[in-house]
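Presented below is the structure to which this report refers.
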Amino acid sequence: MLNRLHVILSAELKGETAEGNTERTAQLHCYLNQYFHEKFDHVKGHYLGTSENSFIVQCKDHREVGELFNQAHNFDQDCIMLIDPKGQGFLLYGNLKMERIGHVTESEWLPEGLQNYTYNPVSKTYYYTL
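Residues in the sequence shown are numbered from -18 upward in steps of one, following our numbering.
This is the structure we're talking about:
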């Protein structure tokens, strides 16, 4: 799967209520369904012991990455995660700073004790960097 551009993004906010985050996720899902139909999966992101509803989206070019970046910005997100065709992961921040976070591993198992990862229940796959 990771032989194309992928973006992982969320609409949830840390200080938002559960109902508010559910609504934000539904709005992002509606957008993705309209513009990226059948090119995304609902995933669960985990970071430092907290989890959030997220999406992994397959992009055909950098224009689509930009569209997702703008959508994340509309939801007040700090950044999106970009995975390039070679499997390198980057965080792309609102100020356009890009931080390389290393090779993204796609696996059916998760290393013990790893706190930062994304799980795709559709493909039963974990995505993480070491």
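Think of the CB as a built atom: it goes at the ideal place given N, C-alpha and C, for glycine as much as any other residue.
Query                                                                                                                         : Result
Looking at C-alpha atoms only, which residue of C60, G70 and G83 is the closest neighbour of H(-13)?                          : G70
Taking the Cβ atom as the reference point for each residue, do Q96 and L(-10) lie within a distance shorter than 8 angstroms? : no
If we ignore side chains and look at the alpha-carbon of each, how far apart do T3 and F56 end up?                            : 13 angstroms
Taking a contact to mean a Cβ-Cβ separation below 8 angstroms, would you say V24 touches I37 in this structure?               : yes
Tell me whether M(-18) is buried or exposed, calling it buried when 16 or more other Cβ atoms sit within 10 Å of its Cβ.      : Low confidence applies to M(-18): its pLDDT is 49, below 50, so where it sits in the model is not reliable, and the reading given next is rough at best. Exposed.
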